[in-house]
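The numbering used here puts the first residue of the sequence shown at 161, with every later residue one more than the last.
Comments concern the structure below.
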Amino acid sequence: MDSTGLTYTDRKVLVTAGAAGIGLAIATRFQELGAAVFVTDINEAAVESAQAAGFAAAVSDVSDEDQVRALMDTVAAELGGLDVLVNNAGIAGPTGPIETLDAAAWKTTFDVNIHGQFYCIKHALPMLRAAEDGAIVNLSSAAGRLGMAGRSPYSASKWAVVGLTKTLAIELGDDGIRVNAICPGAVNGPRINAVIEAKATMLGRPVAEVSDLYHRQSSLNRLVEASDIANMAVFLASGLARSVNGQAMAVDGNTEKLY
Ligand code: NAD
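Take a look at the structure:
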């Protein structure tokens, strides 16, 4: 427990793509609050550093159903069950006008961003059903409630996350499992820098100018921090949110338009 009054003692949490970026911030926050946390990531070196930081961890690609099935067996063996699944894995996908996009890159974006969440939920469900007050938190995006020119596969896949979230909130309500999504705005970190550079190339404009647009798309005129997303995740999976279900929670400083 900390000043928020939240405690996750005796709670078991899995964070996908949890070895870096927003996922690592989420995993760290749950761990600080006393949870037993398992992280998985496709990046072997990142998994090793997560293990060194005290997390149970394994390499897996969420877009491969066989790997996800095996992952859930490992989680069951190592944690002895699961209370909270955080479906954080998601890739930026290609940037460009739709007629220039490569079909394989389009499909890969959906394989990770939405099919990965389907596989993880499907194979974690026996553990979540056995848990008391199971919770699923799916990472969508501000691009999952607004359009985003030049990022059609990303935006479409993140809208799909909201549809999955709202549908499963109904399907799993009888099991006492709550399902919510988080829609972050632009989050400070290496990934947003790469996204801004790709957008600047597409528009033929200076990186600094596009970076400024990204900062000003929030009413707070700044980027969101990964810790802001982690705080929403621990709230949504907690008893404080016991009646919050099927929601897509924006953590974006109020973003009305994406560049
Ligand atoms: P990131 O690009 O920094 O990646 C974090 C981790 O994901 C990396 O360690 C990577 O190895 C792992 N990963 C990639 N593909 C994977 C796969 N197939 N299986 C397992 N792990 C995989 O991402 P991030 O910025 O931390 O974003 C996390 C989530 O938040 C994503 O779903 C993303 O779409 C969403 N999001 C991010 C932002 C942002 O500004 N960064 C904004 C809105 C939403």
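Each residue gets a CB set at the ideal place from its N, CA and C atoms; glycine is no exception.
From a predicted model like this one, the values you see are computed outputs, not experimental measurements.
(request) Say yes only if the C-beta of Ser223 is nearer than 7 angstroms to one or more non-hydrogen atoms of the ligand NAD, and no if none qualify. (result) yes
(message) If we define contact as Cβ-Cβ less than 8 angstroms, is Asn353 a contact residue for chain B?
(response) Among the chains in the structure shown there is no chain B, since it carries only a single protein chain.
(message) Assess contact between the region 220–231 and the region 290–301, defined as three or more Cβ pairs (one per stretch) separated by less than 8 angstroms. Is contact present?
(response) no
(request) May I have the straight-line CA-CA distance separating Phe395 from Ala401, to the nearest angstrom? (result) 6 angstroms
(request) Check whether the region 180–200 touches the region 367–384, counting contact only when three or more Cβ pairs, one atom from each stretch, lie closer than 8 angstroms. (result) no
(message) Suppose only complete runs of 4+ residues qualify. What are the alpha helix (DSSP H) ranges in the region 168–205, listed by chain order?
(response) 181–192
(message) Taking the beta carbon of Ile330 as the centre, do at least 16 other beta carbons fall within 10 Å, making it buried, or is it exposed?
(response) exposed
(message) Among the candidates Pro350, Ala354, Asn353, Phe278, whose CA atom is the shortest distance from the CA of Gly323?
(response) Phe278
(request) Please determine, among Pro286, Trp319, Glu238, Leu285, the residue with the shortest C-alpha to C-alpha distance to Ala303. (result) Trp319
(message) Quick check on DSSP: helix, strand or coil for Pro421?
(response) One cannot answer for residue 421 here, as it falls past the ends of the chain, which runs 161 to 419.
(message) Is the beta carbon of Gly250 closer than 8 angstroms to that of Leu174?
(response) no
(message) Would Lys359 and Asp243 qualify as a contact pair, given that the criterion is a beta-carbon distance under 8 angstroms?
(response) no
(message) Once DSSP output is grouped into helix, strand and coil, what is the label at Asn391?
(response) helix
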